[in-house]
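Residue numbers (the working numbering): 1349 to 1586.
By construction, the Cβ of each residue, glycine as well, lies at the ideal position given by its N, Cα and C atoms.
Beneath this line is the structure, given in structure tokens, with notes to follow.
Have a look at this one:
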């Protein structure tokens, strides 16, 4: 769905920015990191390539932590037999969560392009809701509500990032949130920092999505060019 799509791009931006700021110099790592070369695929949301690479790695060449990570990736994305704790016994919430799990797997494994995966998710959500509320809620209303949710949730997400921004490098998430909103503000408004959510609502979700994707690709390419020994690319304000 649109919310999920923009999450992919914005979370990707946060991942690249956090990596820029807090990545250790490779010389300080006490052992060879055999999975380091796959980090770029993770930032791009290209899990399919990671799985292909992991399948070619012998466990004998990995340390204990790397073997555990490899097994988690394979169980979650390839075998899809991960035991997940939903922290609820509500079957309605569990089934909705499973639909989203399927969507994320199909998108990250690149089984479908994101717009196609979003369309499939939306159809599955509508079908499940129609089954659950058959005779209680009109099918057209369910379709309308699902569409409205996907639009409004984008601005909720933007609002969350605005509320949780900070310039203290000790808090990597709020620091990354700050730079995501700052960069998106420059891309969409040609302004340094826009924090009024009503201003963001002047842009459609497609425009926000396009801007976020553009910045993700730029930041990811900058990180790739900087190489694995990068320590910091975000410069402090003067």
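Is residue 1539 buried or exposed, if buried means 16 or more other CB atoms sit within 10 Å of its CB?
Burial state of residue 1539 is exposed, judged by a 10 Å Cβ sphere holding fewer than 16 other Cβ atoms.
Within 10 Å of its beta-carbon, does residue 1393 have 16 or more other beta-carbons around it, so buried, or fewer, so exposed?
Counting Cβ neighbours within 10 Å, residue 1393 comes out buried, since at least 16 surround it.
Is it true that the CB of residue 1490 sits closer than 8 Å to the CB of residue 1469?
Between residue 1469 and residue 1490, the CB-CB gap reaches or exceeds 8 Å.
Cα separation between residue 1525 and residue 1508?
Rounded to whole angstroms, residue 1525 to residue 1508 spans 9 Å at the Cα level.
Please classify residue 1571 as buried or exposed, where buried requires at least 16 neighbouring CB atoms within 10 angstroms.
Buried.
Roughly how many whole angstroms lie between the Cα atoms of residue 1564 and residue 1459?
Rounded to whole angstroms, residue 1564 to residue 1459 spans 21 Å at the Cα level.
Work out the CA separation of residue 1558 and residue 1389 for me, nearest whole Å.
If you draw a straight line from the Cα of residue 1389 to the Cα of residue 1558, it is about 20 Å long.
Return the Cβ separation of residue 1432 and residue 1453 in integer angstroms, given the expectation that the two are a contact with Cβ distance under 8 Å.
The beta carbons of residue 1432 and residue 1453 sit about 12 Å from each other, so the pair does not count as a contact at 8 Å.
What residues in its chain sit with their C-beta under 8 Å from that of residue 1544, if we drop five residues either side in the sequence?
Excluding its 5 nearest sequence neighbours in each direction, residue 1544 has no C-beta neighbour in its own chain below 8 Å.
Note down the Cα distance separating residue 1429 from residue 1423, rounded to an integer number of angstroms.
A straight-line Cα-Cα distance of about 5 Å links residue 1429 and residue 1423.
Cβ of residue 1552 less than 8 Å from any chain B Cβ?
Checking the listed chains, one finds no chain B in this structure; it contains a single protein chain.
Return the first residue and the last residue of the alpha helix (DSSP H) that residue 1521 is part of.
Where residue 1521 is concerned, the enclosing alpha helix (DSSP H) stretches over 1520-1537.
Here's a check: name, in chain order, each residue in its chain whose Cβ is nearer than 8 Å to the Cβ of residue 1529, leaving out the five neighbours to either side.
1506, 1509, 1510, 1513, 1541, 1542, 1543.
Indicate the three-state DSSP secondary structure (helix, strand or coil) for residue 1453 in the structure shown.
The answer is helix: DSSP assigns residue 1453 an H, G or I state.
Beta-carbon proximity list for residue 1395, same chain, < 6 Å, skipping 5 on both sides:
Cβ within range, chain order: 1425, 1456, 1457.
By Cβ distance below 6 Å, which residues in the same chain neighbour residue 1465 in space, the five residues on each side in sequence not counted?
Excluding five sequence positions before and after residue 1465, the CB atoms of its chain that fall closer than 6 Å to its own CB belong to 1451, 1454, 1455, given in chain order.
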